[in-house]
Amino acid sequence: MKVHIINLDPEDDYSSARDKLSWARAPQVVLVWPRRGSPLNRRLDLVLVQRHAVRLGLELGLVTFDPEVIEIAEQLKIPVYSSLEKLPTGPWSEPQQTTTLRRERPSLAELGEARDSDNYLQLGQRSRWIAVGISVAAVAAIALSVLPSAEIVMDPVDIPLKRSLPIWIDPSSSTGPNRVPGQTVSTEISGSRRIDTSGRVRLPQATASGEVEFTNLTGEEVIVPAGTGLRAGEIRFITSEGVRLGVGEESSARLPVQAAESGRSGNVSAGAIQSVEGPLGFLVTVGNPEPTSGGRDQVVAAVGLGDPQDLRRMLETELVEAARSTLLSELARGFELAPGSLRLREIVDERYDVGLGEAADSLGLTLTLMVEGLAYSLPLATDTAEQEIRSTLPENRLLVPGSLTLEAVEGSSDWPAIEVTFAVRGSLVKTADQDLLRRSVLGGPKSQAADRLVNLIELDQEPQIETSPGWLPWIPWLRMRIDIKWVWESA
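Numbering (my numbering), first residue to last: 1 to 491.
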């Protein structure tokens with residue numbers, strides 16, 4: 001099994017050792033003590049290092065000759081080895097037997113003989129001094145019991161919080177469970193857009209022309225003036241010249257004609273032109289011996305049936321998004337737009353530059369809209385979410401104040417109230433009864449208080465313990481003089 005070796009430096013503490021453990025790339029890690037110096041020589045240091053290794057899923061071992069470290073490791077059931085060569089190849093479930101170096105306590109010196117009574121003060125004077133001493137000691141004892149205080153700051157291990165939470169944004173209500181008041185906001189916005197047309201239309205390009213023959217039906221001379229109108233059904237022609245029709249052999253004559261309107265509709269077959277407009281039609285007959293020709297159409301782009309709707313839909317989308325930016329810039333600090341709340345309230349003005357079916361390569365639209373949305377206070381929504389989350393937490397869990405963040409993910413479009421789904425992120429900690437924590441350190445040595453606390457609550461960092469006066473080596477006896485704070489309360 002792979003073993004990751006970490007050589008400790010003389011100045012290493014719990015924090016630096018924890019960082020080195022985090023870089024371990026093997027399931028077994030051995031910490032090697034330096035020849036000089038005494039890193040991690042407190043029980044609390046090894047307790048925190050051991051807990052961090054457990055969180056990382058690491059099996060921890062030590063290589064050291066420091067008797068104090070060996071003694072603490074045996075209490076914590078951490079295997080200790082005399083050298084790297086002594087490391088077993090398998091699991092370290094059973095630590096090797098180590099020799100703990102213990103310092104012998106020096107024997108007490110025998111007490112000397114008592115002084116002769118002649119060398120002491122007289123009994124009365126001695127009694128007075130004893131009384132004064134007892135009084136001073138009593139006052140000092142009372143002062144040391146009442147006046148000293150201690151402040152303990154603890155940093156529990158964070159537990160990540162991730163949750164989806166629906167909150168109603170309602171302009172008609174005040175703050176309530178999962179509900180915050182909304183504020184209707186609106187803006188008028190204008191814009192233009194142009195698109196290529198999709199339709200096609202035929203337009204006349206050239207005019208048809210030909211020749212007709214007039215015949216006088218009367219026994220008198222008849223004048224056919226230039227510009228006389230002729231008909232071939234619905235198609236109208238006009239003579240380009242005039243003529244005088246006589247009688248007999250001179251009763252017929254040919255004249256050039258031209259269609260009244262351009263286009264291929266003026267191309268008619270022979271004999272199609274048969275009537276003369278006006279009273280002249282009772283005096284003469286007309287006909288075209290040959291077909292008329294030369295009329296032409298051209299196919300050009302035009303405004304198609306769906307072009308206006310497509311253009312308005314595209315421009316509306318652009319203007320609504322532009323309105324979103326405008327409204328966001330106008331909102332008060334701390335306010336946001338509810339997703340899904342933006343809607344078109346009114347079309348104020350709508351103007352196309354080309355009509356439906358008209359020939360044009362492109363279609364332009366100028367549009368003015370009134371757009372509205374629903375705004376809400378993000379801090380108020382955060383407070384509402386915090387209340388909801390706190391109400392669902394077990395007794396031994398605490399939401400770290402100020403750690404909660406909200407991100408609006410999606411919202412319904414049902415006016416007037418909008419249901420918004422928020423992604424909620426924050427930090428939880430596992431707590432312990434503060435009275436129990438105070439009792440665990442009450443009147444005990446300051447040096448042992450941290451060890452007692454970490455046995456009751458899982459901490460990310462060693463507790464910070466400050467006594468007043470600062471030289472006081474123990475925790476006060478009165479619980480009311482012990483102030484326990486979380487790290488965020490002391491910041």
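Glycine included, C-beta positions come from ideal geometry on N, C-alpha and C.
Scanning Asp13, Pro27, Val153 for the CA closest to the CA of Thr467 turns up Val153.
DSSP links Leu374 through a beta bridge to Thr184. In the structure shown, the three-state DSSP call for Gly287 is strand. Here the C-alpha atom of Glu261 lies approximately 33 Å from the C-alpha atom of Arg194.
Uninterrupted alpha helix (DSSP H) stretches at least 4 residues long and entirely within the region 368-421 occur at 378-392, given in chain order. As computed with DSSP, Gln309 is found in no beta bridge at all. The Cβ atoms of Pro181 and Tyr376 sit closer than 9 Å to each other. In this chain, the beta strand (DSSP E) harbouring Arg200 covers 199-206. The C-beta of Trp471 has fewer than 16 other C-beta atoms within 10 Å across all chains shown, which makes the residue exposed. Per DSSP, Asp349 is one residue of the beta strand (DSSP E) stretching across 343-352.
Pairwise C-beta distances place the region 371-387 in contact with the region 176-191, as three or more of them are shorter than 8 Å. In this chain, Leu60 is not harboured by any alpha helix (DSSP H); it is covered by the beta strand (DSSP E) spanning 59-63. Arg439: member of the alpha helix (DSSP H) spanning 434-441, first to last residue.
Judged by their CB atoms, His52 and Gln28 are not nearer to each other than the 9 Å cut-off. Leaving aside the five residues that flank Val429 on each side, the residues in its chain whose CB is nearer than 8 Å to its CB run, in chain order, Pro156, Val157, Asp158, Ile159, Arg397, Leu398, Val400, Trp486. When the alpha-carbon of Leu344 is set against those of Lys86, Ser190, Asp45, the nearest one is in Ser190. By the criterion of a C-beta distance shorter than 8 Å, Leu245 is surrounded in its chain by Phe214, Thr215, Asn216, Glu221, Val222, Ile223, Val224, Ser251, Ser252, Ala253, Val284, once the five residues flanking it on both sides are discounted.
When the Cα atoms are used, Asp66 and Arg36 turn out to be separated by approximately 10 Å. In this structure, the CA atom of Gly411 is about 13 Å from the CA atom of Glu336.
The C-beta of Ser341 has 16 or more other C-beta atoms within 10 Å across all chains shown, which makes the residue buried.
According to DSSP, residue pairing for Asp483 in a beta bridge involves Glu151. Counted as a single uninterrupted DSSP element, the stretch harbouring Arg236 is not any alpha helix (DSSP H) but the beta strand (DSSP E) occupying residues 235-239. Residues of the same chain with a CB within less than 7 Å of the CB of Ile465, apart from the 5 flanking positions on each side, are Ala150, Ile152, Lys446, Ala449, Ala450 in chain order.
Inter-segment contact for the region 344-362 and the region 306-322 is present: three or more beta-carbon pairs are separated by less than 8 Å.
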